[in-house]
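J.: Taken in order, these protein sequences are the chains called A and B. Each step along the first sequence adds one to the number in my numbering, with nothing skipped, and position 70 is 86. Each step along the second sequence adds one to the number in my numbering, with nothing skipped, and position 138 is 124. For each residue, glycine too, the CB sits at the ideal point set by N, CA and C. Sharing a structure below in structure tokens format, with a few things to ask.
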Amino acid sequence: MLLKTKESLIRRMYLVDVAKGLAITIKNFFFAPKITIQYPEERRKYSDRFRGQHYIKATNGVENCTACMLCPTVCPAECIHIVAGERPDKEKYPVQFEIDILRCCFCGMCEEACPKDAIKLSTIYEMSTESRDVYDRSFLMEQRGNK
Amino acid sequence: MNAIEWYAMIGKTALVIGMLLMVAPVMNWIERRGAGLMQNRLGPNRVGPFGLFQTIADALKFLFKEDRILGHVNPFWYFIAPIVVLIPACMTFAVIPFASSITVDGTVIRMQAAELNVGFLYVFAIASLGVYGLIMGGWASNNKFALLGSLRSSSQMISYELSMGLSVIGLVMVFSSVDLMAITQGQGEALWQLGPLTIPKWGIFVQPIGFIIFLTAVFAETNRLPFDLPEGEPEIVGFHVEYGSMKFAVFMMGEYMNMAVASGLLASLYFGGWQLLPGMGWALGNLGLAGDAHEWARIGFEMLSFTLKLSFFMWFFVWVRWTLPRFRYDQLMDLGWKVLLPLSLANIVITGAMIYYGWV
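What follows is the structure, encoded as structure tokens:
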């Protein structure tokens, strides 16, 4: 139902309200703190739990991963591809470890599933490239996380 | 005409045209930075100092875009519409005085590009031509939304032109002239003396209602928010949907030039035009100049005064834009026909009575 309320003449003249509005705008113009983050110079501080670019955690230069295939199984985007192999000391390890980063949805389930604390999502969010990259093993082995 | 008059004519024309062409890029920058700061952001601040070259970058972008003439448009009218919007905007500033007159070798030079005795009647006559450009643009686009946009804009401009013209009649009655130079000169007199404070006979003190009507109508005439239905960039589409590249930029330039003309009119009709601002007369007296130097300093101060007033109104356009929401179409028409038109007619009657009883 359309309710019609009777406003006073001063209010219907609209001028006082316009003046009030102008005062608010100019107050914002001069005094309000500006929330813009000037990106390349200043960066937003993200949470430590931010899910960004992947890496495989290594201990003493050897990757933690044992190619247990839990992460490709749990991955909803099916972007992880692992070929398992065997080291001379009978240890299982990933010969190939590829993440198709274009398919990845950064859900972090691989990180949660990993029993060896091997695949991790770092806080790096600048991942733009000029080619359609697939992250391979050597790329992922670079230790670039803070976790 | 003698040589001095010729030189003066060329100089004044160059000044006015140069100023108008500079208005669009500068105002574009002010508008965008102003919008940013009012919305608690920073606005464009990367290109050049304070982002001042942003508009140059924009203009270059516009120039390098492909200037397409679409298959379904009427090429001639499509091409000519932006020009029809731009030219009246350039022409109207000619009669607005930006300083008083100066005598050089016995020749009196009036500081306005064209000395027309019809004064601002010329401004109204030419400014209303701009609406043809909008209609042409909408019609030639051969697009129903563009046509609807141009219909909206033409009806808006015609509605508000009435109250705009009538609101100034009161001022004409008070100053008994339509010549802007004479009106500005008349505003130099004192209206009241309140102790040490002299209230000048500025249009706003003589005609406060007329000023508010004129201000509102001018916002509608220049298609600025809160009356920017012709353009309506966020949701409704205006008459220039089919325009791109430099043709679109010319429409925008026309809008900014119209704003400059409107601000010039507001300044010279209601805020004393080139009449010195408080304190400027004192500063001019204390410069200790004499003869020609003093005269030229006076002209400089007057131009500065006029420019400050004009800049304030240009800023006011931006200020209001980020304060008020857009009117609905029926509200716009209600305001124009049911409020402003009767009010401006009443204003004429009241002013007539006041002049008859000698109050003004």
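Less than 7 angstroms between the C-beta atoms of A:Tyr109 and A:Ala74, yes or no?
T.: No, the Cβ-Cβ distance between A:Tyr109 and A:Ala74 is not below 7 angstroms.
J.: Would you mind listing the beta strand (DSSP E) stretches within the segment 107 to 183 of chain B that are 3+ residues and don't spill past its ends, in chain order?
T.: Those beta strand (DSSP E) runs which fall completely within the segment 107 to 183 of chain B and span 3+ residues are 176 to 180.
J.: List the residues of chain B that A:Phe47 touches, going by C-beta distances under 7 angstroms, in chain order.
T.: In chain order: nothing, as chain B lies at least about 10 angstroms away.
J.: So what's B:Ser297 in DSSP terms, helix, strand or just coil?
T.: Reduced to three states, the DSSP call for B:Ser297 is helix.
J.: Is there a Cβ from chain B that is less than 7 angstroms from the Cβ of A:Thr52?
T.: Chain B contact via Cβ: present.
J.: Assuming contact is defined by CB atoms lying nearer than 7 angstroms, are B:Ala283 and B:Leu296 in contact in what I supplied?
T.: No, they are not a contact pair.
J.: Chain A beta carbons: is any one of them nearer than 7 angstroms to that of B:Thr309?
T.: Yes, B:Thr309 lies at the interface with chain A (some Cβ there is under 7 angstroms from its Cβ).
J.: So what's B:Leu329 in DSSP terms, helix, strand or just coil?
T.: In this structure, B:Leu329 counts as helix in the three-state DSSP scheme.
J.: From the beta carbon of A:Thr41, is the nearest beta carbon of chain B less than 7 angstroms away?
T.: Output row for A:Thr41: interface = yes.
J.: May I ask you to report which of helix, strand or coil DSSP gives B:Val12?
T.: Helix.
J.: Output the distance between the C-alpha atoms of A:Asp64 and A:Phe122, rounded to the nearest integer angstrom.
T.: Distance between the alpha carbons of A:Asp64 and A:Phe122: 15 angstroms.
J.: What residues in the segment 21 to 39 of chain B have a beta carbon less than 7 angstroms from any beta carbon of chain A?
T.: The residues in question are Leu23, Met24, Asn26, Arg27, Leu28.
J.: Quick one: Cα of B:Val59 to Cα of B:Glu147, how far?
T.: Roughly 30 angstroms between the two C-alpha positions.
J.: Determine the direct distance from the alpha carbon of B:Glu17 to that of B:Trp308, and round the result to whole angstroms.
T.: Going by the C-alpha atoms only, they are around 10 angstroms apart.
J.: Beta carbon of B:Lys(-2), beta carbon of B:Ala67: below 7 angstroms?
T.: Going by C-beta atoms, B:Lys(-2) is not nearer than 7 angstroms to B:Ala67.
J.: At 4 residues or longer, and completely inside the segment 28 to 93 of chain A: list those alpha helix (DSSP H) runs for me, N to C.
T.: Complete alpha helix (DSSP H) runs here, min 4: 31 to 47, 86 to 90.
J.: Going along chain A in order, which residues have a C-beta closer than 9 angstroms to the C-beta of B:Trp305?
T.: Neighbours of B:Trp305 on chain A, chain order: Leu38, Thr41, Ile42, Phe45.
J.: B:Val71 and B:Gly250 - do their beta-carbons sit closer together than 7 angstroms?
T.: Contact: no.
J.: Excluding five sequence neighbours on each side, which residues of the same chain lie with their C-beta closer than 8 angstroms to the C-beta of B:Glu281?
T.: Cβ within range, chain order: Ile88, Thr89.
J.: Given that A:Val34 touches chain B, what residues does it touch there, using C-beta distances under 7 angstroms?
T.: Here the neighbours are Leu310.
J.: Look up B:Ser87 in the DSSP assignment and give the residues it is bridged to.
T.: DSSP, once it has assigned bridges, lists B:Arg96 as partnering B:Ser87.
J.: DSSP on B:Pro216, reduced to helix/strand/coil?
T.: Residue state, collapsed to three classes: coil.
J.: Between the Cα of B:Leu115 and the Cα atoms of B:Val12, B:Gly57, B:Thr78, which residue gives the shortest distance?
T.: The option with the nearest alpha carbon to B:Leu115 is B:Thr78.
J.: Can you look up B:Leu351 in the DSSP assignment and give me helix, strand or coil?
T.: The structure shown has nothing for residue 351 of chain B, since chain B only spans -13 to 346.
J.: Output yes or no for whether 7 angstroms exceeds the beta carbon distance between B:Arg27 and A:Thr52.
T.: Contact: yes.
J.: Could you check how far apart the C-beta atoms of B:Leu177 and B:Phe191 are, in whole angstroms? I think they sit under 8 angstroms.
T.: Yes, B:Leu177 and B:Phe191 are in contact; Cβ-Cβ is about 6 angstroms, under 8 angstroms.
J.: Distance, Cα to Cα, B:Ala21 vs A:Val78?
T.: Rounded to whole angstroms, B:Ala21 to A:Val78 spans 55 angstroms at the Cα level.
J.: So, are the CB atoms of B:Ser139 and B:Leu326 less than 7 angstroms apart?
T.: No, the pair does not count as a contact, with Cβ atoms beyond the cut-off.
J.: Leaving aside the five residues before and after B:Met122 along the sequence, list all residues of the same chain whose C-beta is less than 7 angstroms from its C-beta, in chain order.
T.: Around B:Met122: Trp63, Ile66, Ala67, Val70.
J.: Just to confirm, is the Cβ distance from B:Phe84 to B:Phe298 under 7 angstroms?
T.: The answer is no: Cβ separation not under 7 angstroms.
J.: For B:Asp316 and B:Ser141, I'd like the C-alpha separation in whole angstroms.
T.: Computed Cα separation, rounded: 12 angstroms.
J.: With distances taken from CA atoms, which of A:Glu23, A:Lys43, A:Thr145, A:Ile140 is nearest A:Lys61?
T.: The residue with the shortest Cα to Cα distance from A:Lys61 is A:Ile140.
J.: Checking 7 angstroms against the spacing of the C-beta atoms, do A:Ala93 and A:Arg67 come in under that value?
T.: No, the pair does not count as a contact, with Cβ atoms beyond the cut-off.
J.: Look at the alpha carbon of B:Phe213 and the alpha carbon of B:Pro30, and state the distance between them as a whole number of angstroms.
T.: Answer to the nearest angstrom: the Cα atoms are 25 angstroms apart.
J.: Report the partner residues of A:Val99 according to the DSSP bridge assignment.
T.: Bridge partners of A:Val99: A:Gln112.
J.: Considering Cα atoms alone, identify which of B:Phe205, B:Phe234, B:Leu270, B:Pro264 is closest to B:Gly322.
T.: Comparing Cα-Cα distances from B:Gly322 to each of B:Phe205, B:Phe234, B:Leu270, B:Pro264, the minimum goes to B:Phe205.
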